[in-house]
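Residue 27 in the UniProt record's numbering sits at position 27 of the sequence shown, with consecutive numbering throughout. No residue lacks a Cβ here, since even glycine has one placed at the ideal position from N, Cα and C. If you're wondering where the values come from, they're calculated on a predicted model, not measured in any experiment. This report concerns only the one structure given below.
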Amino acid sequence: MAPRRTLPQSTTTATNNRNRTQSNTPNTTPCPTRRNGITTRSVRAISIEIAPEEAPRQTKNKASPLPPHYLLPPTTPSPFPGTLDASLDAILAWGKETATTTHIPTPGLQPITDTLLQPVRKETNWPKLLSALPRVLVEDVLFLTTRTLLPNQIAENRGALTRLYDKKKQLAIRLVLRYDMVLGWKMKPSSHQREQAITVASVPPPADPAAPGNEGNGGSKREKLLPNVITTLIAAPAGGYTTGVVRERMKHHVTDLDVCLLLDDDEVAAWSDWRLVYKTAEVMLLWQWLRANNEILEDMEVHGWEELDGRADDCEWIAEEMKTKKNGGAVGGK
């Protein structure tokens, strides 16, 4: 069996505030532990400390009809290759174009580009690196991440999940390496005792796919917003999935990661400089986590997914909530 790999944990935090413990501001996610004290992933959101005056109000997710962007037809073929190489190429192209078209000194540009191209490092201080850039470039980094990097790694993740569930059709849905397990699921009331996750079916694209339209007011080097980015990413293969079991497991679970993908230029332009830096750092951390997830999935696939053999109760890659069944933890129990 190949040695298990662990995901990086960011040690980046904002400046400490003596009164922060009196606020409702979430602290940076602590490093979780797996059995025998080995570091592993958390299903919790990756977060950066936010000052009380700009902290979002903490409210319980409420049920609501799906917004229109979940109903848009997908773009086919997808503009997202779904590979790490595609993201690295985009980073290189962005850095080169920015360096040649920016008419103001940008000493902080190269460190950003170099860090994005390197393997994930847990000690990266994204707020510090981003603070060295002028505001317009911080916005560009944000949209590079939300409109190119994250979509590519989500597509890569879903491709790996499709192959995984086709091989292990009874594997639990709450696999912590899923892209939609990086942040908490949005929930809705249910007639049962517990709330249910809000999901969107993964179906094949229609006969008449959507045109590759986008919107936004960014510069030439800024990728514009694709309104149907989510439906494009979660669309099933043209012929559908091999079985209904696989189709069920490939449903998209709605999380705040979706919100990141749909950030538009006007909304971000209204943010303060401080909020922009820290929100940009947050989405870059999300991309790093997802990139590392995909590397682990790739290693697992090379070794025949053997790390996912056995009972769910005994598998460190299945979220704890999956391991509380009255009748024990059968493989792939929902």
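Checklist entry - CB-CB under 6 Å to K256, same chain, minus the five flanking residues each way: which ones, in chain order? => result According to the sequence provided, residue 256 is Asp. The question's Lys does not apply to it. Excluding residues within five positions, the ones whose Cβ falls inside 6 Å are L183.
Checklist entry - Short check: CB of T280 to CB of V120, under 7 Å? => result no
Checklist entry - What do you reckon, are the CB atoms on L129 and P111 nearer than 7 Å? => result yes
Checklist entry - Should the region 270-286 be regarded as contacting the region 221-236, the criterion being three or more beta carbon pairs within less than 8 Å? => result no
Next on the checklist: Out of A155, N157, T75, which one is the CA nearest neighbour of D208?
Outcome noted: T75
Checklist entry - Quick one: Cα of P134 to Cα of L290, how far? => result 27 Å
Next on the checklist: So if DSSP puts Q110 in a beta bridge, which residue, or which two residues, is it bridged to?
Outcome noted: Per DSSP, none; premise fails for Q110.
Item to check | According to DSSP, residues forming a beta bridge with H253 | outcome: T199
Checklist entry - Shortest alpha-carbon distance to E307 belongs to which of S190, P189, L177, Y241? => result L177
Checklist entry - From this set, L66, G310, L285, which residue's C-alpha is nearest K186's C-alpha? => result L66
Item to check | Straight-line gap, N61 to P189 (C-alpha atoms, nearest Å) | outcome: Confidence is the limiting factor: at N61 the pLDDT is only 46, short of 50, which leaves the residue's position unreliable, though a coordinate-based value still follows. Roughly 10 Å separates the two Cα atoms.
Item to check | Identity of the residues DSSP links to K188 by a beta bridge | outcome: Q196
Next on the checklist: Rounded to the nearest angstrom, what separates T100 and L150 at their Cα positions?
Outcome noted: 25 Å
Checklist entry - Hey, how far is the Cα of D166 from the Cα of L261? => result 27 Å
Checklist entry - Looking at C-alpha atoms only, which residue of D180, R249, W305, L171 is the closest neighbour of S202? => result R249
Checklist entry - Going by beta carbon distance, what residues of the same chain come within less than 7 Å of S131, once the five residues before and after it are set aside? => result V277
Checklist entry - Grouping DSSP H, G and I as helix and E and B as strand, with all else coil, what is T100? => result helix
Checklist entry - Using 7 Å as the limit for Cβ to Cβ distance, is L285 near chain D? => result The displayed structure is made up of one protein chain only, and chain D is not part of it.
Next on the checklist: Let's test the definition: count the other Cβ atoms within 10 Å of the Cβ of R194 and tell me whether it reaches 16, buried, or not, exposed.
Outcome noted: exposed
Checklist entry - Three-state secondary structure (DSSP) at T75? => result strand
Next on the checklist: Tell me which residues share the same chain as K169 and place their Cβ nearer than 7 Å to its Cβ, disregarding the 5 neighbours each side in the sequence.
Outcome noted: T243, V245, V246
Next on the checklist: DSSP three-state label for I173, please.
Outcome noted: coil
Item to check | Cβ neighbour criterion (16 or more within 10 Å) applied to Q288 | outcome: buried
Item to check | Per-residue DSSP class, three states only, for L226 | outcome: coil
Next on the checklist: I believe E223 touches R147 by the beta-carbon criterion, under 8 Å. Please report the beta-carbon distance rounded to the nearest angstrom.
Outcome noted: 4 Å
Checklist entry - Given a threshold of 16 other Cβ atoms within 10 Å of its Cβ, counted over all protein chains shown, does L71 qualify as buried or as exposed? => result exposed
Next on the checklist: For I318, list the residues DSSP reports as bridge partners.
Outcome noted: L175
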